[in-house]
Structures are given as structure tokens and as C-alpha cells.
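Protein chains in written order, with my numbering: chain A, 202 to 414; chain B, 202 to 414.
Here the structure comes first, spelled out in C-alpha cells, and everything after it is commentary.
2 protein chains.
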Amino acid sequence: MAYDYLEMLMYIAKKAGVFKALEISTIRIAKELKTSQQTVSRKLRDMEKLKLIKRTATQKGLLIQLDANGRDFLKQHHSNLGNIFAEKEEVTGIITKGIGEGRYYVNLPQYQKQFKEKLGFKAYPGTLNLRVKQSEALEFISSLEAVEISGFETKDRTFGKLTGYKIRINNIKGAIIIPERSRHEEGIIELIAPYDLKKKLGLKDNSRLKIQK
Amino acid sequence: MAYDYLEMLMYIAKKAGVFKALEISTIRIAKELKTSQQTVSRKLRDMEKLKLIKRTATQKGLLIQLDANGRDFLKQHHSNLGNIFAEKEEVTGIITKGIGEGRYYVNLPQYQKQFKEKLGFKAYPGTLNLRVKQSEALEFISSLEAVEISGFETKDRTFGKLTGYKIRINNIKGAIIIPERSRHEEGIIELIAPYDLKKKLGLKDNSRLKIQK
DNA sequence: ATTACTAGCGAGCGAGTAA
DNA sequence: TTTACTCGCTCGCTAGTAA
Numbered sequence: 202m203a204y205d206y207l208e209m210l211m212y213i214a215k216k217a218g219v220f221k222a223l224e225i226s227t228i229r230i231a232k233e234l235k236t237s238q239q240t241v242s243r244k245l246r247d248m249e250k251l252k253l254i255k256r257t258a259t260q261k262g263l264l265i266q267l268d269a270n271g272r273d274f275l276k277q278h279h280s281n282l283g284n285i286f287a288e289k290e291e292v293t294g295i296i297t298k299g300i301g302e303g304r305y306y307v308n309l310p311q312y313q314k315q316f317k318e319k320l321g322f323k324a325y326p327g328t329l330n331l332r333v334k335q336s337e338a339l340e341f342i343s344s345l346e347a348v349e350i351s352g353f354e355t356k357d358r359t360f361g362k363l364t365g366y367k368i369r370i371n372n373i374k375g376a377i378i379i380p381e382r383s384r385h386e387e388g389i390i391e392l393i394a395p396y397d398l399k400k401k402l403g404l405k406d407n408s409r410l411k412i413q414k
Numbered sequence: 202m203a204y205d206y207l208e209m210l211m212y213i214a215k216k217a218g219v220f221k222a223l224e225i226s227t228i229r230i231a232k233e234l235k236t237s238q239q240t241v242s243r244k245l246r247d248m249e250k251l252k253l254i255k256r257t258a259t260q261k262g263l264l265i266q267l268d269a270n271g272r273d274f275l276k277q278h279h280s281n282l283g284n285i286f287a288e289k290e291e292v293t294g295i296i297t298k299g300i301g302e303g304r305y306y307v308n309l310p311q312y313q314k315q316f317k318e319k320l321g322f323k324a325y326p327g328t329l330n331l332r333v334k335q336s337e338a339l340e341f342i343s344s345l346e347a348v349e350i351s352g353f354e355t356k357d358r359t360f361g362k363l364t365g366y367k368i369r370i371n372n373i374k375g376a377i378i379i380p381e382r383s384r385h386e387e388g389i390i391e392l393i394a395p396y397d398l399k400k401k402l403g404l405k406d407n408s409r410l411k412i413q414k
């Protein structure tokens with residue numbers, strides 16, 4: 202299978218590009234891929250037979266470029282990876298009763314100042330808790346840009362760093378807020394927005410809610 | 202190296218996605234990847250040691266999901282492939298004296314009608330010949346959409362099919378025209394545009410000219 | 001300098017089977 | 001049913017060297 206040759210194919214494609222030819226010696230390739238000159242020589246000959254590469258001998262070594270099968274294989278492989286990493290555009294969850302401390306934390310001026318600066322809005326004092334499938338949420342969140350909200354200390358205690366992720370909730374700007382040291386169980390995400398989302402959107406506990414990029 | 206495990210990693214990532222877990226047996230994987238149950242079992246254990254995957258035994262087989270190193274490796278690999286296939290946005294060449302038949306062919310009403318319909322402009326009667334690096338031109342052209350210009354017959358002779366590729370030349374709409382049975386040597390591409398480009402842009406033979414997507 | 005053949009060796013494969 | 005151990009054998013690796 203072509204996977205046996207993928208590392209070398211990638212090496213050639215990286216150095217030569219998709220269409221250009223590369224003049225190089227088997228010794229050089231062997232060093233860079235941490236294998237022997239003999240193995241490189243044999244593999245390149247095998248790859249030529251499979252039409253993964255074109256290979257011509259020169260004085261200084263070999264002139265190598267991708268052949269049709271090599272290009273096709275890399276293209277196919279790239280598209281497969283593209284599908285795997287396809288970004289999730291939205292995630293839907295069920296509104297869940299929060300533990301109620303959101304209101305207190307969110308409204309602290311040291312946080313609010315940063316929400317305004319870094320997320321672009323002053324948050325309604327209170328968070329909306331959304332129960333989501335953890336794997337879906339991870340895929341969704343991993344496609345978003347993280348905004349760091351610094352922690353701070355008062356004379357009484359320390360308030361931790363938060364990570365914000367800008368989202369839209371029915372086209373209202375909002376954010377997912379994840380405390381560095383999460384107080385939440387897995388599968389629950391905490392939302393903030395400029396308004397009381399429950400009131401504004403007519404939502405109750407156990408309502409379904411969709412959030413988007 | 203992680204390349205040794207890439208095929209199996211891709212298999213898992215395709216089936217499970219980036220974060221979800223997959224319940225499957227080593228026998229099933231072995232069949233689909235055309236190898237033995239024992240090899241799958243061993244490789245999965247090795248991959249667990251390398252933190253490429255997480256692996257938990259269940260009654261029906263194994264629960265498998267990507268682990269941090271596996272995700273990182275696939276991501277890195279995907280980005281490498283992305284660079285390889287990054288589309289070329291422009292190519293620069295040297296204006297070259299054409300063989301002069303362009304004026305005649307381009308101005309045939311059977312072609313002109315299609316230029317207007319499919320490329321969006323009536324072509325100035327004459328082509329501009331550009332000498333480019335063949336590999337660069339291929340990379341550039343392969344990122345463009347092909348527009349087919351049909352051939353036709355007169356009572357005297359046959360005029361072949363052309364392939365057009367829409368481009369911009371200093372923001373003027375134009376096209377690369379490649380005759381099915383090319384009369385040109387490699388490394389020369391033929392351009393058409395609504396105007397006399399040489400006059401409009403003040404160009405002479407041997408001037409440098411950049412064309413863009 | 002190179003590439004690539006031969007030969008010998010060792011890692012990895014898969015059949016058999018235990019758990 | 002599974003997974004995964006042992007073990008024999010093969011395939012692919014590298015050293016030596018020819019071309």
C-alpha cells in the first residue's frame with residue numbers, strides 16, 4: 202500500500218512541491234529521514250514502479266518529482282484529513298439550571314472590564330448553562346479562537362483565569378466561558394451575553410438552544 | 202516514528218472523528234485494513250504507549266479514541282499537506298513574440314461567441330505570449346477552474362477545442378487559452394483579454410508581466 | 001562522488017492458543 | 001465471543017562492496 206511510502210512521498214512533496222523536480226542524493230534523504238542509503242534507494246525504485254514518483258539518474262544523484270499516482274494519493278489523503286478536521290459550525294444543547302454563582306463572578310468589575318475589551322460586550326450578570334455532548338462541544342470549541350481573560354487577586358481571595366470563545370446565539374454576540382480550574386462537570390458549558398438570554402429568547406430550563414460560530 | 206502508525210490513526214480518526222470514542226474489535230479493524238488481528242492488537246498497544254490513542258477494553262472489543270499526540274500528529278501532517286497544495290495566487294513571466302496566428306484564431310466568430318458567453322468578454326484579436334517557468338505555471342493553472350471552449354468545423358478545416366482559465370492582468374479580466382492540441386512549446390502560455398494588453402499597459406516584448414487569480 | 005546488488009540478520013508478522 | 005501471549009518464519013533493513 203502507498204502508506205508504506207507516505208513518509209518519503211511527503212518528504213519529496215515538501216522539498217519539490219507538486220510539480221517541480223528535486224535533485225538530491227539517496228544519502229542525503231537517508232540522513233534526513235534517519236534510515237540507510239540502501240533503504241532509500243530501494244524504496245525510491247519501488248515508488249517509481251508504483252508511479253508514485255518519477256526518477257532519473259544524474260551525476261550528483263537523482264532527479265525526483267511526484268508522478269500522477271503520488272499526486273493523487275497525497276491529494277486524496279489531504280482531503281480525508283480535511284474531512285476529519287472539518288470545523289463544526291454549531292452545537293445544540295439543553296439549558297440547565299446553574300449552580301447560581303455565575304451571577305456573582307461575571308459581574309466582578311475586573312472581569313467585566315476585560316469582557317468589554319476582549320469580547321466586545323459587557324455581560325449580563327449571570328451565566329446560561331448548556332448541557333451538550335462533550336465530544337461535539339470539544340469539536341466546536343476547538344475551531345474557535347481562544348480569548349484569555351486574566352485572573353486577579355483581592356485581599357480576600359484569588360479569582361482564576363478564564364478562557365472565552367466568541368460565539369453567536371440567535372445572532373446575539375455571546376461567549377463560552379471556561380474557568381481555568383473548572384468548577385463544572387464535563388458536558389456543561391457556560392455562556393455569557395450582553396442580555397438575559399432566557400428572557401430575551403423566551404427560554405426555560407430544559408429548552409433546546411443552538412450556539413454558532 | 203508516528204508514520205508507522207499513520208494508516209491506523211487515519212482509520213480511527215475517520216471512524217471516530219477527532220474527539221469521539223469508537224467501540225470496535227481488533228478483528229474488524231484487521232479485516233478492513235487487510236492485516237491480522239494480532240498485528241492490530243499489537244499496534245494499538247504500541248500506539249497507546251506513544252499516547253497516539255486512548256484504549257479501553259470492553260465486552261465487545263475496545264473503546265478507542267485519539268489522544269493528544271495522535272491529534273497533534275494528524276494536525277501537523279494536515280498542515281504540511283496544506284502547504285504542499287497551497288494554491289499559487291499568481292505567476293510572473295516575460296512577454297514573448299508570438300507566432301502571429303493568434304490574431305486569426307481568436308477573432309473567429311465561433312470562438313468569440315463562446316469567449317463572450319463563457320469567459321465574459323469579447324477578446325481583442327491577438328494573443329499575448331508569456332514565457333513562464335513551466336512548473337510554476339502548472340501549479341498556478343491547476344488551481345483555476347477550466348472553461349471549455351468547443352471546437353468547430355468549417356467546410357475547409359477543423360478548429361480544435363480550447364481550454365480557458367479566467368485570470369486577471371493588472372485587474373483586467375483575461376484568460377489563459379490552451380489549445381487541446383497545443384502548437385506551443387512548454388513554458389509559454391497564451392493570454393487573451395478584452396483589450397490590446399501591450400498598448401493598454403505600455404508593455405513591450407521582454408517586459409515582465411504578472412498574472413493573478 | 002554516486003546508485004544499487006548481495007547477503008546476513010533482526011524486527012515485525014501471523015498462526016496457534018491461553019485467558 | 002473477545003484480547004493478547006508465544007513462537008517460528010518471513011520480509012525488509014543495513015553492511016559491504018561492485019559498478
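In this text, a Cβ means the ideal position worked out from N, Cα and C, and glycines have one as well.
As the structure is a computational prediction, the values presented were derived from the model and not from experiment.
- Buried is the label assigned to residue 340(B), since at least 16 other Cβ atoms lie within 10 Å of its Cβ.
- Residue-level contact check: residue 221(B) touches chain A, since one or more beta carbons of chain A fall below 8 Å from its beta carbon.
- Beyond the five residues adjoining it in sequence on each side, residue 214(A) comes within less than 8 Å, by CB distance, of 267, 271, 275 in the same chain, given in chain order.
- Residue 244(B) does not reach chain A, its nearest Cβ partner there being about 13 Å away, counting only Cβ pairs nearer than 9 Å.
- Contact with chain B is found for residue 281(A), since one of that chain's Cβ atoms lies less than 8 Å from the residue's Cβ.
- In the DSSP assignment, residue 296(A) forms a beta bridge with 331(A).
- Neighbours of residue 215(B) across chain A, judged by C-beta separation under 7 Å: 281, 285.
- Per DSSP, residue 391(A) lies in no alpha helix (DSSP H); the unbroken beta strand (DSSP E) holding it starts and ends at 389-393.
- Within the segment 233-303 of chain A, the runs of beta strand (DSSP E) that reach at least 3 residues and sit entirely inside it are, in chain order, 254-258, 263-267, 291-297.
- Residue burial annotation: residue 320(B) is buried, with at least 16 other C-beta atoms found within 10 angstroms of its C-beta.
- In chain order, 204, 207, 208, 211 make up the part of chain A whose C-beta sits under 9 Å from the C-beta of residue 204(B).
- Residue state for residue 367(A) is assigned as strand, using DSSP reduced to three classes.
- The C-alpha of residue 389(B) lies about 10 Å from the C-alpha of residue 329(B).
- Inter-residue distance for residue 397(B) and residue 409(B) is about 16 Å (C-alpha atoms, whole angstroms).
- For residue 221(B) and residue 338(A), the gap between their C-alpha atoms comes out near 11 Å.
- Close partners of residue 340(A) in chain B (Cβ separation under 9 Å): 218, 219, 220, 221.
- In the displayed model, residue 208(A) falls within a helix according to three-state DSSP.
- Along the segment 262-276 of chain B, the positions whose C-beta sits under 8 Å from a C-beta of chain A are 275, 276, read in chain order.
- By the C-beta criterion, the segment 241-258 of chain A is judged to be in contact with the segment 203-212 of chain A, since at least 3 inter-stretch pairs fall below 8 Å.
- Along the segment 327-353 of chain B, going in chain order, the ones with a CB nearer than 7 Å to a CB of chain A are 336, 339, 340.
- Bridge partners of residue 359(B) according to DSSP: 354(B).
- With contacts defined as CB atoms closer than 8 Å, residue 381(B) and residue 361(B) qualify as a contacting pair.
- Excluding residues up to 5 positions away in sequence, 311, 360 lie with their Cβ nearer than 6 Å to the Cβ of residue 353(A) in the same chain.
- Around the beta carbon of residue 296(A), a 10 Å sphere encloses 16 or more other beta carbons of the protein chains shown; the residue is thus reported as buried.
- Burial check for residue 303(B): the Cβ neighbour count within 10 Å reaches 16 or more, so the residue is buried.
- Rounded to whole angstroms, the gap between the alpha carbons of residue 280(A) and residue 351(B) is 31 Å.
- Sorting 224(B), 236(B), 211(B), 369(B) by C-alpha distance to the C-alpha of residue 284(A) places 211(B) at the top.
- The beta carbon of residue 228(B) sits closer than 6 Å to those of 238, all from its chain and outside the five residues before and after it, given in chain order.
- For residue 348(A), the secondary structure class from DSSP, reduced to helix, strand or coil, is strand.
- The alpha carbon of residue 364(B) has as its nearest neighbour, out of 298(B), 349(B), 355(B), 374(B), the alpha carbon of 349(B).
- Counting along the chain, the unbroken beta strand (DSSP E) around residue 410(A) starts and ends at 409-413.
- According to the DSSP assignment, residue 398(A) belongs to the alpha helix (DSSP H) that extends over 398-402.
- Check the Cα spacing between residue 403(B) and each of 370(B), 264(B), 286(B): the tightest is with 370(B).
- With a cutoff of 8 Å on beta-carbon distance, residue 373(A) and residue 366(A) are scored as not near each other.
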